[in-house]
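Asker: Protein chains in written order, with this note's numbering: chain A, 1 to 324; chain B, 1 to 365; chain C, 1 to 508. The structure's right below; bear with me while I get my questions together.
This is the structure in structure tokens:
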């Protein structure tokens, strides 16, 4: 039963590493399904991580931190929406700007306010999201071999934002598929003219999507700083926003496959950490970097159509202009 | 609400709009400074004094400018072909690897041969790493933007692997190569000019600066004076007309990305061969991204790129000096300014053009 | 008496410099099929987009079923019972049929209820009109004919009493078109009003009760279909313009220069764009292609110019069969085949460039333009100044941005560029579209002079008058085929109009 314990540890670590990816991936999915390309997921998570850590430290409440994280991220989302939707600016350019803005602002403000090289004060107690033990965790662990252990280690014992992230996947899938808003949103990313001629506001839908994107990035950033770590560190997102982008592409802009892609990428990360310096029988030492590079490499190969086919929403990245 | 693109006189289009958006960006940054309880005016004075107030400051400023010229030109050339190359960081990284390998492996060669070869290797590495996304877009339809983002991370991971496992300095805990031989590096400017009787304080400024100036002229000649540049601009402005003119947009996409990558490689020449004299992690330090701001602000023209690069050189050097005096204002301020400039001069260009047009109209009345 | 379903009075709409609609009035009787015909760009689609609330008119009034109303958005139009089937379908290809149908009329925050209602309604409509369709099919997988059916169902589901169809048969095969007409008649039986926009006279004659003709943004005729004829409509569409008859003397034609045999072309969907085109061009003659826009002339030009590849057929230039390597614009220019494209703004010019740079578009590799890999701005600009003077381009400023020239002067820049290099064959598309009268005359003189110097010219124009004024020989095209050939002396408008309408039997 030794391997089950190892598996449980790796799975647990995979989930923890997947949560921020999941939030950002759902965020990107909302935005891009509505036709607004967002390479600023990274920046929004970063600003959310910072804002949440600051407010959590000041207020002593992790939930207040979450609120602040979401607010900060939504503000950047609206900047992106203003440029991309109202002014029909280049969405890539705007995304790059938002990433730089967040990278610079968080360090400057952190440094100015706390003077610890950009770090925020360490979060303790209620200022940080604790682990939530699900019902029967202990009982199952003791009485059901295998599954009980996995239940206790992996499924139970995650923090509130992690469960919220999972809920976000369920809601995203549900809303997109079954509601009026979801239908219109799917339509506006494919053919905004069809939405316009049906008498629905293209800009309104896109702003809605962009705000949801901000909320989810806010959740992801908060998880990083107020749950996974006990405070903000400069560049805490470390490219997770871009891996999430890769996961969205990998999942062909669909919620459930995006969940699996995020778990896969998070899992790769967990395995890479685990394998550091370990020689595998028959293979020898696997360079950690090779595993870390896999998400990026797989995305490039997928995009080039060498495996499978990726079809982004048809109107993604294109400002909507009524044709004459 | 926005509407059709605004028609502006040429001078307003090429000079006034970028100036207004940069001024607005600086104003926003001033607000940030104000927000952290410092005086923007004092900060500006300190910054300018630090960047331009001494020969040493100017040396550092021009050293940073060199980096921005290369990365700005790289983005600008791709822009002319209608492509958005966000991969400057990755291309510079690969260029750095190529240059380092050349400097290490070809060390027996005399410097007169080795240095040009290493520079060519850097250009070739950057070109190759730019060409591949271009090729993938031209032949497989995968978008340059996403591919270059992924390539940035791949390049970074590859560097870590090489520095840790393959070409790292034996026994060092730092991920870095051994230092290059003395004849394998670029000459610092103060030594280059000493024989001419000009004494300069020792700064990182080196002969790569001259290479950057040459690159400015070369890119100007390429884009505005050569047949290839004409083809590049045609594809960028109207791919249909390009096809009508017998120019292949696919071919131009690959060529332009390769040239763009080679220019980004100049960053490696300055940093790896000119200053660090070894390859280390993250030597690109975000210069590639600021290059986007430089290109947008410079409107893709080498003269504009030179001016914008100088502005960022001043901000970088001045910002470093400023953070000595005012520890609360770190050099990350420059990243913020870069971000705001990209937002204003790039994504919100329509807004600023509209504003400038309204201003001109008001004055005309 | 029932008021007209639609009454438009004095509608005007301007897009920048283009007056798309000028003081247009139109009355459509309830329960009728009303055709609106006109050339491309005559303003039909703009007028209907105004009626559908996609654009707001600058001036004019709209009354629906006798009640004056303001239509600002498509939502307003839908509420008034107006439905529209756009030329480019407003469908979301990744969604299912039923999802497309309910989009914008979901009837609640959750989809399930609305979708259920829509299914029931779809099956009712299917039975009422014979519009069978699988509600769960993904629209992108459907044939074009079925996609159009979805568009119609969408409008009917929203309770449309007035249905506007914009060029509905442009993408249909003839049997599909016949099915559509049967449906339109069935809708009329049910008391619905149908407005059919088209430029195909056959359709007007086949299905409409009345027809209104538009030309250059204005309404020029209202006719009862039973009392008119295709030639009469064609004449109204094309109009009579006071054109200077350029002196042309009959000349013996020279050797064959360009010969196309059996050219076929199909688009990605498998619709035939060109079928069995045979064409010969001799030195010193102008061959005009007469046809209503969209009947394969553009594709013919593109194939001959090397911009598109035919799916079958052979082209010979100076007796040499063109290989696929030859069939690219750069190579063809070297062989002496030049091309003035139909759409100068999108294809023939880079409007962001200064004029001088457009004067070398396509010739950027010519050795005389500069040393080695470089272009010499002074040479380019001097040459441009020379040709601009020779061709009376105004203003004669090579540094001015091309977008700032008038249409006529832009066209002169293109024409000068292609003529200057001494072509053996010149393909010319719509040489005077959007060009003022003065410039038209100058352009026509140029083309005649060029022909007199021995150049073989293929002229494609939707202006029948122009084709007749300039051509030595006229080929009529319809539906991607050449439907007849006339020597200039034997051609008359009536006869050509019938050929252009695809009526080949009786004319001889």
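Idealized CB from N, CA, C, for every residue including glycine.
(1) In or out: residue 143 of chain A buried (at least 16 other Cβ within 10 Å) or exposed?
(2) Along the segment 282-309 of chain B, where does the CB come closer than 9 angstroms to a CB of chain A? Name the residues.
(3) Below 8 angstroms on the Cβ atoms is my guess for residue 206 of chain A versus residue 85 of chain A; work out the distance and round it to an integer in Å.
(4) Count the other C-beta atoms from every protein chain shown that fall within 10 angstroms of the C-beta of residue 52 of chain A, then say buried if there are 16 or more, exposed otherwise.
(5) Am I right that residue 18 of chain B and residue 299 of chain B are in contact with their C-beta atoms under 8 angstroms? What's the rounded C-beta distance?
(6) Going along chain C, which residues have a C-beta under 8 angstroms from residue 191 of chain A?
(7) Would you identify the three-state DSSP class for residue 314 of chain A, choosing helix, strand or coil?
(8) The beta strand (DSSP E) spanning residue 412 of chain C covers which residue range?
(9) What residue from B:81, B:337, B:16 has the CA that sits closest to residue 291 of chain B's CA?
(10) Taking Cβ positions, are residue 316 of chain B and residue 204 of chain B nearer each other than 7 angstroms?
(11) I want to see whether chain C comes within less than 7 angstroms of residue 324 of chain A, judged by CB atoms only; does it?
(12) Would you list the one or two residues that DSSP bridges to residue 113 of chain C?
(13) At which residues does the beta strand (DSSP E) containing residue 286 of chain C begin and terminate?
(14) I'd like to know whether the C-beta atoms of residue 41 of chain A and residue 27 of chain A end up nearer to each other than 7 angstroms.
(15) If you measure beta-carbon to beta-carbon, which residues of the segment 54-74 of chain B are closer than 7 angstroms to chain C?
(16) Residues in the same chain with beta-carbon distance under 6 angstroms from residue 466 of chain C, minus the five sequence neighbours each way, listed in chain order, please.
(17) Given that residue 349 of chain B touches chain A, what residues does it touch there, using C-beta distances under 7 angstroms?
(18) Using only CA atoms, which one of A:189, A:183, A:9, A:87 lies nearest to residue 312 of chain A?
(19) May I ask you to list, following chain order, the residues of the segment 63-74 of chain C that have a beta carbon less than 7 angstroms from some beta carbon of chain A?
(20) Among B:287, B:124, B:40, B:216, which one has its Cα closest to the Cα of residue 304 of chain B?
(21) When Cβ atoms are compared, which residues of the segment 307-334 of chain B fall closer than 8 angstroms to chain A?
(22) For the segment 196-234 of chain C, which segments carrying the alpha helix (DSSP H) assignment without a break, of at least 4 residues, lie completely within its bounds, in sequence order?
(23) Among B:139, B:116, B:154, which one has its Cα closest to the Cα of residue 129 of chain B?
(24) In the DSSP assignment, find the unbroken alpha helix (DSSP H) run with residue 111 of chain A in it and report its ends.
(25) Can you tell me whether DSSP reads residue 180 of chain B as helix, strand or coil?
(26) At a CB distance below 8 angstroms, what residues from the segment 339-355 of chain C approach chain B? Give them in sequence order.
(27) Tell me, please, whether the CB atom of residue 200 of chain A is closer than 7 angstroms to any CB atom in chain C?
(28) Looking at residue 27 of chain C: is its Cβ nearer than 7 angstroms to the Cβ of residue 4 of chain C?
(29) To which residues of the same chain is residue 160 of chain C closer than 7 angstroms at the C-beta, ignoring the five residues directly before and after it?
(30) Residues of chain A with a CB under 7 angstroms from the CB of residue 106 of chain C: which are they?
(31) Does the segment 192-207 of chain A come close enough to the segment 87-104 of chain A that 3 or more CB-CB pairs lie under 8 angstroms?
(32) Going along the chain, which residues of the segment 254-285 of chain C sit with their C-beta nearer than 8 angstroms to a C-beta in chain A?
(33) Identify the contact partners of residue 147 of chain B in chain C, using a Cβ-Cβ distance below 8 angstroms as the criterion.
(34) Taking 8 angstroms as the threshold, find out whether the segment 297-308 of chain A comes into contact with the segment 167-175 of chain A through three or more Cβ pairs.
(35) In chain order, which continuous runs of the alpha helix (DSSP H) of length 4 or greater are located wholly inside the segment 66-138 of chain B?
(36) Since I believe residue 55 of chain A is in contact with residue 68 of chain A (beta carbons under 8 angstroms), could you give me their beta-carbon distance rounded to a whole number of angstroms?
Answerer: According to the structure shown:
(1) Answer is exposed; the Cβ neighbour count stays below 16.
(2) Those would be 286, 289, 290, 292, 293, 296, in chain order.
(3) Yes, they are in contact, since the Cβ atoms of residue 206 of chain A and residue 85 of chain A sit about 5 angstroms apart, within 8 angstroms.
(4) The residue in question, residue 52 of chain A, is buried, as its Cβ has 16 or more Cβ neighbours within 10 Å.
(5) Taking a contact as a CB-CB distance under 8 angstroms, the pair residue 18 of chain B and residue 299 of chain B counts as one, their CB atoms being some 6 angstroms apart.
(6) In chain order, 90, 91, 92, 93 make up the part of chain C whose C-beta sits under 8 angstroms from the C-beta of residue 191 of chain A.
(7) DSSP places residue 314 of chain A in coil when its eight states are reduced to three.
(8) No beta strand (DSSP E) contains residue 412 of chain C, which is instead part of the alpha helix (DSSP H) from 407-420.
(9) The shortest Cα separation from residue 291 of chain B among B:81, B:337, B:16 belongs to B:337.
(10) Contact annotation: residue 316 of chain B and residue 204 of chain B have beta-carbon atoms that are not nearer than 7 angstroms.
(11) With a pLDDT of 45 at residue 324 of chain A, under the threshold of 50, the modelled position of that residue is not reliable, and the figure given next carries that caveat. Yes, residue 324 of chain A counts as interfacial toward chain C.
(12) Its beta-bridge partners do not exist; DSSP assigns none.
(13) Here the beta strand (DSSP E) through residue 286 of chain C covers 286-290.
(14) Yes, Cβ-Cβ distance for residue 41 of chain A and residue 27 of chain A is below 7 angstroms.
(15) Here the close residues number zero.
(16) For residue 466 of chain C, where only same-chain residues beyond five positions count, there are no Cβ hits under 6 angstroms.
(17) Correct list: 89.
(18) It is A:189.
(19) Within the segment 63-74 of chain C, 73, 74 place their CB atoms closer than 7 angstroms to a CB of chain A, listed in sequence order.
(20) Taking each of B:287, B:124, B:40, B:216 in turn and checking the Cα distance to residue 304 of chain B, the smallest one comes out for B:216.
(21) Of all residues in the segment 307-334 of chain B, only 327, 328, 329, 330, 332, 333, 334 place a beta-carbon less than 8 angstroms from a beta-carbon of chain A.
(22) Here the runs fully enclosed are 201-207.
(23) Cα-wise, what sits closest to residue 129 of chain B is B:154.
(24) For residue 111 of chain A, the enclosing alpha helix (DSSP H) starts and ends at 91-114.
(25) Three-state DSSP puts residue 180 of chain B in coil, outside helix and strand.
(26) Within the segment 339-355 of chain C, the qualifying residues are 339, 341, 346, 347, 348, 349, 350, 351, 352, 353.
(27) Taking Cβ atoms only, chain C reaches closer than 7 angstroms to residue 200 of chain A, which makes this a yes.
(28) Closer than 7 angstroms, so yes.
(29) Only 81, 82, 83 meet the Cβ criterion.
(30) Going along chain A in sequence order, the residues near residue 106 of chain C (Cβ under 7 angstroms) are 180, 183.
(31) Remark: fewer than three beta-carbon pairs, one from each stretch, lie closer than 8 angstroms, so the segment 87-104 of chain A and the segment 192-207 of chain A are not flagged as touching.
(32) The segment 254-285 of chain C vs chain A, Cβ under 8 angstroms: nothing.
(33) By Cβ distance, chain C contributes nothing, its closest Cβ being about 24 angstroms from residue 147 of chain B, past 8 angstroms.
(34) Too few Cβ pairs lie closer than 8 angstroms, so no.
(35) Note on the segment 66-138 of chain B: whole alpha helix (DSSP H) runs with a minimum of 4 residues are 88-105, 111-135, in chain order.
(36) A Cβ-Cβ separation of about 4 angstroms places residue 68 of chain A in contact with residue 55 of chain A under the 8 angstroms criterion.
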